[in-house]
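Chains as they are written, first to last, in my numbering: chain A, 1 to 385; chain B, 386 to 770.
Note that beta-carbon positions come from the ideal geometry of N, C-alpha and C, so glycine has one too.
Okay, structure first, notes after.
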């Protein structure tokens, strides 16, 4: 899942994301809550409609970003109080508040409020944190079940072209008819609309730090709460890749195979292929987009830093095996020039390519799964490490 | 002409510019000379190929930007010495050097090296400056005629698919065949290739400050040199709009109607419509792109500052009469959120809309000219001032 922190995958227009084959993107609750605010997004019809994204959306719980971005945070059983990194104002996230905000945003998948345990951490600390995450998962689910119908489209019919025209009342005379339904739809598959108000799906999150038995216990007790999907959180926080894989493998033994299994915040291309081969269904990471803005491009020949002087006269495409619109049209020499000149188009083109590389990687994985043999995809990707 | 200073119309991919109907864009010699350097662009096959832009290109002479951007410039009869605004290195632009650089960049239209007279300026100072610009025009033309075949494609055949594949030697096995010819063509219409090496067209520039008789004399003596097109420079430098129009009208009386007549560095939408109605064929301005990056959007209802709080919940498009991809898909509320959040997508979408508004304005002007009646276009645009 490409990460669209503040209601935008940084530098990439939504139609390009569609062309790239992005089926689901992620929004960050912490950012959207602070700006533009979840109540504004609710009034605008929810995040799908606000950002004009008709495909699936997932929002995180806000917990992880409070830990990584905000100032003066204080964790208690009730929740996490923090100061905004934007204006210093004080806020409190609780499991209930996180659910309220995420329901207002109206993503298709929302996440239970958890504590991402710091690394390294002593066993006792990790157990206490894991236990609290389990209690928060229960509170998240209780609030969610009681309020899940309070979605942005809860008080109106959706999916009807005549209602979508409300966005543009007064402008019906223009040539927008053909696109307006598509562009401004609330992003809810029409089959849901027939059976009442569609609601998000709430996923639980496994914690447990780097202790296999705690991971196992966390997974077992989270599964007992019966979520429609499960995430494995608290990884890629500084541990070795072997440890990451061990923790994922441990959780996957417990998490049901017939439910989506989602590893949060990973990873490099070769890692996501490995995790998929282990049985992981979903992943998100800022790496392809953030790296792109820093000039780091992922290719079938390995990573390249486009600002390197050796690309100054390189007339080849970023990746000779890539079919994306950037590799089809622009040379490495041009991309280097854009980056070195701090041109805004650098971020646009670099991000498009990196997302194409990631999404094509996962397309190859899905294809290999269909064929029943992941060995080819695995051997290709491992060679890039 | 949208301005593509450093080989990119800031924040907009080339395929979007094509979709917007941009037929010609402008590159800045000063910027391209400093970075990536005209010799590098020459080696890459010229600016068309370097930036993958198959339509027309115009480069300015570098003179104006030396005056406005560089440090420690010193003007003499020989030319202008200056220090780079990027790294402080010393450089000298002369008419001959400007021609050499522009021929290396390989635009379709290149501009004579002129001095943009400061405003306000005494009559004597303006006359001396105008006289020097005329001498520089002669030197530009002499050098150009002697060296115009030194274009980036001068030592090879162009327009042949097999040569264009040189860009991607070794990658022929990929799926790029269908696009490579189009994407990497040098941007030269094939009819030129049959009759030898195509060369740029050199335009002369009228100066003369805000003195009608000097403008007239400058125009007459520039026309005597017989250029294939003429620009009117030194305007929009702080004078009143009435004075701008008076100077344009004065020059247009002299400049031949059967040659392109180009006013440099203008203007607001209502101004470019007026100038076109007066007989101006070409204009360039950073306004639509620069304003977009500052959140100022041009619409059929007037200008709007998208960061204004009144747009926070505005579900309408930027311009209800605009058919561009931004107005078709995104609300003012979303564009405001992107801008306030300093998201890179703000510059992308705002620029696309503003360029669409400008290019659509000129499309309407061309249509009105074909119909023989500009009054409708003029009255609509004047109401926006």
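If contacts are defined as beta-carbon pairs under 8 Å, then residue 215(A) and residue 208(A) qualify, I think. What distance do you get, rounded to the angstrom? 4 Å
Report the CB separation of residue 113(A) from residue 140(A) in whole angstroms; it is logged as a contact under 8 Å. 5 Å
What does residue 43(A) reach in chain B if we use C-beta pairs closer than 7 Å? 698
Cα-Cα separation, residue 501(B) to residue 519(B): 12 Å
So, at 8 Å on beta carbons, what are the nonlocal neighbours of residue 143(A) in its own chain, with the 5 sequence-adjacent residues on each side left out? Cβ contact annotation for residue 143(A) (same chain, cutoff 8 Å, sequence separation greater than five): 95, 96, 99 and 100, in chain order.
Please identify the residue among 93(A), 65(A), 154(A) and 90(A) whose C-alpha is closest to the C-alpha of residue 118(A). 65(A)
Just curious, the alpha helix (DSSP H) that residue 132(A) is in, first and last residue? 123-147
By Cβ distance below 8 Å, which residues in the same chain neighbour residue 381(A) in space, the five residues on each side in sequence not counted? 269, 270, 273, 274 and 361
So does the stretch 736-743 of chain B actually touch the stretch 404-412 of chain B, counting three or more Cβ pairs closer than 8 Å? yes
Under 8 Å by Cβ, that's how I've got residue 345(A) and residue 395(B) pegged, so tell me the actual separation to the nearest angstrom. Yes, they are in contact, since the Cβ atoms of residue 345(A) and residue 395(B) sit about 7 Å apart, within 8 Å.
Report, in whole angstroms, the separation of the C-beta atoms of residue 436(B) and residue 315(A), which I expect to be a contact under 8 Å. About 13 Å; that fails the 8 Å criterion.
Does any residue of chain B have a CB that is nearer than 8 Å to the CB of residue 12(A)? yes
Might you give, ordered along the chain, the residues of its own chain that have their beta carbon closer than 6 Å to the beta carbon of residue 67(A), omitting 5 neighbours on each side? Hits under 6 Å: 116.
Using the three-state DSSP reduction, which class does residue 30(A) fall into: helix, strand or coil? The answer is helix: DSSP assigns residue 30(A) an H, G or I state.
Let's test the definition: count the other Cβ atoms within 10 Å of the Cβ of residue 531(B) and tell me whether it reaches 16, buried, or not, exposed. exposed
Looking at the unbroken beta strand (DSSP E) that takes in residue 695(B), where does it start and where does it end? Looking at the DSSP string, residue 695(B) is not in any beta strand (DSSP E), and its letter there is neither H nor E.
Residue range of the unbroken beta strand (DSSP E) whose run includes residue 73(A): 71-75
Members of the stretch 408-442 of chain B that neighbour chain A once the beta carbon cut-off is set at 7 Å: 420, 421, 425, 428, 429, 435, 436 and 437
Does residue 673(B) come within less than 8 Å of chain A when only Cβ atoms are used? no
Short of 9 Å Cβ to Cβ, which residues in the stretch 329-360 of chain A face chain B? 329, 330, 331, 333, 334, 336, 337, 338, 340, 341, 343, 344, 345, 346, 347, 348, 349, 351 and 352
Taking 8 Å as the cut-off, decide whether the C-beta atoms of residue 668(B) and residue 386(B) are in contact. yes
From residue 124(A) to residue 297(A), what distance separates their C-alpha atoms? 41 Å
Examine chain A for any beta-carbon lying closer than 8 Å to the beta-carbon of residue 391(B), and answer yes or no. Yes, because at least one Cβ of chain A sits closer than 8 Å to the Cβ of residue 391(B).
Between residue 462(B) and residue 514(B), what straight-line distance do the alpha-carbon atoms span, to the nearest angstrom? 10 Å
Check whether the Cβ atoms of residue 491(B) and residue 432(B) sit closer than 8 Å, and answer yes or no. Closer than 8 Å, so yes.
Quick one: using the 10 Å Cβ neighbour count with 16 as the cut-off for buried, is residue 62(A) buried or exposed? Residue burial annotation: residue 62(A) is buried, with at least 16 other C-beta atoms found within 10 angstroms of its C-beta.
Beta-carbon spacing of residue 228(A), residue 148(A) below 8 Å: Cβ distance not < 8 Å, so residue 228(A) and residue 148(A) don't count as in contact.
Exposed or buried, which one is residue 722(B) when buried takes at least 16 other CB atoms within 10 Å? buried
Name, please, each residue of chain B whose Cβ falls closer than 8 Å to the Cβ of residue 15(A). 710 and 714
From residue 444(B) to residue 610(B), what distance separates their C-alpha atoms? 20 Å
Whose C-alpha, out of 582(B), 475(B), 711(B) and 517(B), is nearest the C-alpha of residue 488(B)? 582(B)
Can you check which of these residues, 464(B), 470(B) and 741(B), is closest to residue 341(A) by C-alpha distance? 470(B)
Can you give me the C-alpha to C-alpha distance between residue 83(A) and residue 73(A), rounded to a whole angstrom? 7 Å
Measure the C-alpha to C-alpha separation of residue 474(B) and residue 233(A) and round it to an integer number of angstroms. 52 Å
Run the CB neighbour count on residue 295(A), radius 10 Å, all protein chains shown included, and call it buried at 16 or more, exposed below. Around the beta carbon of residue 295(A), 16 or more other beta carbons sit within 10 angstroms, so the residue counts as buried.
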